[in-house]
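Residues in the sequence shown are numbered from 1 upward in steps of one, following UniProt numbering.
Glycine is no exception: its CB is placed at the ideal position from the N, C-alpha and C atoms.
See below for the structure under consideration.
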Amino acid sequence: MKSSNIQHTKHLVSPFDRCLKNGHRNGILWFTGLSGSGKTTLALELERILFQKGWYTFVLDGDNIRHGLCADLGFSAADRAENIRRIGEVAKLFADSGCLVITAFISPYRKDREQIRILAGDLFHEVYIATPMEICEQRDPKGLYAKARRGEIESFTGISDPYEPP
C-alpha cells in the first residue's frame, strides 16, 4: 500500500544554478536498441569525451543495473517495465543533481520509454541505435543470440520477444 504522507522535497539549489556551476545542461540521453547494437560502447565513449571536457556525466548500463538495483527482476514484460521504471527514476535523480546521464538499455517497449519521457520531461532525449539485427548477431559479444537461437534463453529481444523502435 502506498503511503499518502510523502511529499517532494523542494531543493534550495535551482536547476539553473546547477547548470551555471557545471557549465552545461543536465539531462538524460536514453540510448535504446537491440543487444549488441553498440549502446554501451557509444555511451562509454561519449561519457569519456564529455568528462575530459569537464562535464559532469555518468553512464547507467543494463548489465550493471541488473547486478544490483534490479537483481530481483527477470525478463517478463512486467519485469522489463519495472526495470525501466526504476532506471528512469534513478536517471531523473542524477539529472536533477546536474548530471548528464547517458543510459544504455535495450528498453524494448515504446510505452516504457514513453513513461520515462513523461517522468523526465524535457530532460529526456531518446537516441535509437539502429544497428541491423544481422550485425548485432554477428557481433554477439556475450553469445546471447546464439543461445536464444538454440532456445536456451526465453524472451530474448529481437528473437523471441519484440523490439519496438521509436
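Exposure of residue i, with buried meaning 16 or more beta-carbon neighbours within 10 Å
{"i": "I102", "result": "buried"}
{"i": "G158", "result": "buried"}
{"i": "R18", "result": "buried"}
{"i": "G143", "result": "exposed"}
{"i": "A71", "result": "exposed"}
{"i": "G62", "result": "buried"}
{"i": "K39", "result": "buried"}
Cutoff 7 angstroms; reference residue i; Cβ partners in own chain excluding five residues on either side
{"i": "P162", "result": "P108"}
{"i": "T57", "result": "E47, L50, F51, C99, L100 and I102"}
{"i": "A148", "result": "F156, I159 and S160"}
{"i": "I87", "result": "L60, I65, T103 and F105"}
{"i": "L44", "result": "V59"}
{"i": "S3", "result": "none"}
Beta-carbon proximity list for residue i, same chain, < 6 angstroms, skipping 5 on both sides
{"i": "E137", "result": "Y145"}
{"i": "E152", "result": "none"}
{"i": "N22", "result": "Y56 and G98"}
{"i": "F75", "result": "S155"}
{"i": "G68", "result": "none"}
heavy atom of the ligand MG below 6 angstroms from residue i C-beta
{"i": "I87", "result": "Of ligands this structure carries none, so the ligand MG is not represented either."}
Among the options, the one whose alpha carbon lies nearest that of residue i
{"i": "S154", "options": "P165, V13 and A77", "result": "According to the sequence as given, residue 154 is Glu; it is not Ser. If we check each option's Cα against that of E154, A77 comes out closest."}
{"i": "R117", "options": "L44, C19, S160 and P166", "result": "P166"}
{"i": "P15", "options": "G68, H67, L44 and C99", "result": "C99"}
{"i": "F94", "options": "L60, D122 and R149", "result": "L60"}
{"i": "Q115", "options": "E152, S97, R85 and L44", "result": "R85"}
{"i": "A91", "options": "N22, I28 and S160", "result": "I28"}
{"i": "N26", "options": "F156, S3, F124 and A71", "result": "F124"}
{"i": "R139", "options": "N22, K21 and T41", "result": "T41"}
{"i": "R66", "options": "R150, A104 and G121", "result": "A104"}
{"i": "L20", "options": "S97, L73, Y128 and F75", "result": "S97"}
{"i": "Y128", "options": "R110, D122, V13 and P141", "result": "R110"}
Cβ shell of residue i (< 8 angstroms), same chain only, five flanking positions each side left out
{"i": "E126", "result": "W30, T32, R113, R117 and P166"}
{"i": "E89", "result": "L119"}
Cβ distance (whole Å) where residue i is taken to contact residue j below 8 angstroms
{"i": "H24", "j": "W55", "result": "5 angstroms"}
Interface flag, residue i vs chain C, CB-CB below 7 angstroms
{"i": "A120", "result": "No chain C appears in this structure, which consists of one protein chain only."}
Validate contact between the region 27-35 and the region 126-136 using beta carbons, cut 8 angstroms, 3 pairs: yes
Three-pair Cβ contact test at 8 angstroms for the region 6-16 versus the region 71-83: no
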